[in-house]
Amino acid sequence: MPELPEVETVVRDLHAAGLAGRTIDHAEVGWHRTVGQPSVTLFCRRIAGARIDDITRRAKYIVLSLSSGDTVFIHLRMTGRLELSTNASPRSPHTHVVLHLDQGEQLRYVDPRKFGRWVLTDTPDDITGALGPEPLDAAFKASHFAERIEGHRRMLKPLLLDQHVIAGLGNIYVDEALWDAGLHPCRLSNTVAKDELNALYRGVRKVLRRGIRAMGTSLGNADTNFYSVSGRRGRNKDGLRVFRRTGDPCPKCKTPIQRLMVGQRSTHICPTCQVV
Ligand SMILES: [Zn+2]
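Residue numbers (the working numbering): 3 to 278.
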């Protein structure tokens, strides 16, 4: 599933491709459930003629700010991806939404597993209001991070995955950050000492920044993997220290990496560096 670095990469690629400032002539929705709200009819009516003023990211959402005052949130979930194509180029299988733009181009939404969602709204707080802070914001300090974690008595992994606590983290980057900080994913948050919290804060920011620099993590070659705009793969797989590296030596201590299940999520740890 695309996480903060992957979604950030998509947003940057959309900017680089010149999507900001383009006008949407009309929309076409093939798989109706992709549009979570409003109805497909209203969605198409409200988006037609609007200009895309800006493209940003909040948590794992791609956010299109429209000249009409509406905001479009795109959540890629498992396998969603965007393509910017000319009208003439053949459509990929599983293309579910097409925004027909000016200058003979289309923004296409492709999603083999169909879990991704688009929402168009004039009250964006309904979507973003309950989300936790952005971990890479300059204003987000170690003290803020500690406040978000200490107040709970929950295992670290599910706590970090909770978008209401901190925005943007998913399975890959949580495993990487916990390993970086030397903390076990099942450790209870209220037992983590100040220096450990500081290490986790630094670890979270470090692995996210590394992911962005490498333009995201693409793990395999399947159609369901992460691809940025127009099919470009991320290079962060080589930057992963534990995620999907079961049996490989820990880069710190050479103990083989282990896989375990934590809250039904596949989890990767070094059993020597990360003890409960
Ligand atoms: Zn180790």
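Glycine is no exception: its CB is placed at the ideal position from the N, C-alpha and C atoms.
Looking at the unbroken beta strand (DSSP E) that takes in residue i, where does it start and where does it end?
{"i": "S70", "result": "From DSSP, S70 is part of no beta strand (DSSP E); its letter is neither H nor E."}
{"i": "D27", "result": "I26 to V31"}
{"i": "D56", "result": "I54 to R60"}
{"i": "L262", "result": "Q260 to V264"}
Confirm the yes/no value for this check: CB of residue i, any heavy atom of ligand 3, distance under 7 Å.
{"i": "T274", "result": "Among the ligands present in this structure, namely ligand 1, ligand 3 is not found."}
Which residue wins for smallest C-alpha separation from residue i, given the options the options?
{"i": "D197", "options": "L122, E152 and D113", "result": "E152"}
{"i": "A141", "options": "T274, S91, R267 and R207", "result": "R207"}
{"i": "G118", "options": "D104, R212, A50 and I64", "result": "I64"}
{"i": "L68", "options": "D27, G82 and H166", "result": "D27"}
{"i": "F228", "options": "G249, I174, T248 and Y203", "result": "I174"}
{"i": "E265", "options": "N223, D182, R204 and D164", "result": "It is Gly, not Glu, that sits at residue 265 in the sequence shown. Answer by Cα proximity: D164."}
{"i": "L199", "options": "A183, A19, P187 and T73", "result": "A183"}
{"i": "T73", "options": "G222, Q39, D104 and R93", "result": "Q39"}
{"i": "H270", "options": "A201, E178, R204 and S220", "result": "E178"}
{"i": "T125", "options": "F75, D56, M3 and V112", "result": "F75"}
{"i": "A195", "options": "D104, T257, A144 and V231", "result": "A144"}
Beta carbon of residue i, beta carbon of residue j: below 8 Å?
{"i": "V244", "j": "R189", "result": "no"}
{"i": "G106", "j": "T88", "result": "yes"}
{"i": "H102", "j": "E30", "result": "yes"}
{"i": "G23", "j": "I49", "result": "no"}
{"i": "T11", "j": "W120", "result": "no"}
{"i": "G134", "j": "H166", "result": "yes"}
{"i": "L138", "j": "L158", "result": "no"}
{"i": "G249", "j": "A216", "result": "no"}
{"i": "I259", "j": "R267", "result": "no"}
Need the endpoints of the alpha helix (DSSP H) that residue i sits in, please.
{"i": "H17", "result": "L6 to A18"}
{"i": "H154", "result": "Note, H154: premise wrong, no alpha helix (DSSP H); not H, not E."}
{"i": "L199", "result": "K196 to R215"}
{"i": "V176", "result": "N173 to A183"}
Mapping the DSSP letters down to three states, classify residue i as helix, strand or coil.
{"i": "T97", "result": "strand"}
{"i": "H270", "result": "strand"}
{"i": "R115", "result": "coil"}
{"i": "I129", "result": "helix"}
{"i": "T88", "result": "strand"}
{"i": "G38", "result": "strand"}
{"i": "T193", "result": "helix"}
{"i": "R48", "result": "helix"}
{"i": "V65", "result": "strand"}
{"i": "T248", "result": "coil"}
{"i": "L109", "result": "strand"}
{"i": "T219", "result": "coil"}
{"i": "H102", "result": "strand"}
{"i": "H146", "result": "helix"}
{"i": "T43", "result": "helix"}
Determine, for residue i, whether the minimum Cβ-Cβ distance to residues of chain D falls below 8 Å.
{"i": "T43", "result": "Protein chain content of the structure displayed is limited to a single chain, and chain D is not contained in it."}
At least 3 beta-carbon pairs within less than 8 Å: the stretch 146-165 vs the stretch 227-236: no
At least 3 beta-carbon pairs within less than 8 Å: the stretch 121-135 vs the stretch 59-75: yes
Touching by the beta-carbon criterion (3+ pairs, under 8 Å), the stretch 72-81 and the stretch 107-116: yes
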